[in-house]
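For reference, the structure discussed in these notes is given below.
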Amino acid sequence: MRVIFACLLFVGLALAMPDTSKTDTKKDGYTTKYDNIDLDEILNNTRLLDKYFNCLVEKDKCTTDGKELKDIVPDALKTACSKCNEKQKGGVEKVLRFLIEKKRDYYDELSKKYDPEGIYLKKYEAEAQKRGIKI
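First residue of the sequence shown? That's -9 in the numbering used here, and the numbers climb one at a time after it.
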């Protein structure tokens, strides 16, 4: 899955739930220490979702994990989440579908912030459509 907004959100949501039992990072990828979080729990918890969304769009202070997410965003955008593992890519698609179907205003605001010229949208729109995601 190469749709960026979900990539950066998945990485961010993964960072939201610290798991101190694992601290590994992939050699040329994003951390795997949050791969086993329950995305549904975060996506369906307004308080948690809002905290990370507000961090990403700079409406609120970021937690340490939120700041880490913001630091990852430029790379995730440039590489289309190429540093994500397969589990993370599955989470990416789940988050993207959720935002588009249930939190479209969040998706739109993130798009304006991280892709104001629509460069990434154009680049990945066909891939999203192949997967049945209507951006």
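Quick reminder that beta carbons are idealized off the backbone N, C-alpha and C, glycines included.
Note that the structure is predicted; figures quoted are calculated from it, not measured.
For residue 87, the enclosing alpha helix (DSSP H) stretches over residues 76 to 92. For the pair residue 47 and residue 99, the CB atoms are nearer than the 7 Å cut-off. Taking a 10 Å sphere around the C-beta of residue 73, we find 16 or more other C-beta atoms and assign the residue as buried. C-alpha of residue 21 to C-alpha of residue 65: approximately 14 Å in a straight line. Annotated three-state conformation of residue 36 is helix, per DSSP.
Each of 92, 123, 55, 106 was checked against the Cα of residue 24, and the nearest Cα belongs to 55. Take the alpha-carbon of residue 90 and the one of residue 109: they are about 18 Å apart.
For residue 63, the enclosing alpha helix (DSSP H) begins and ends at 54 to 69. Of the other Cβ atoms in all chains shown, 16 or more fall within 10 Å of the Cβ of residue 78; this residue is therefore buried. The closest CA to that of residue 18, considering only 93, 86, 69, is found on 69. Contact between residue 38 and residue 88 is ruled out by a C-beta separation of about 13 Å, above the 8 Å threshold. At a Cβ-Cβ threshold of 7 Å, residue 96 and residue 43 count as neighbours.
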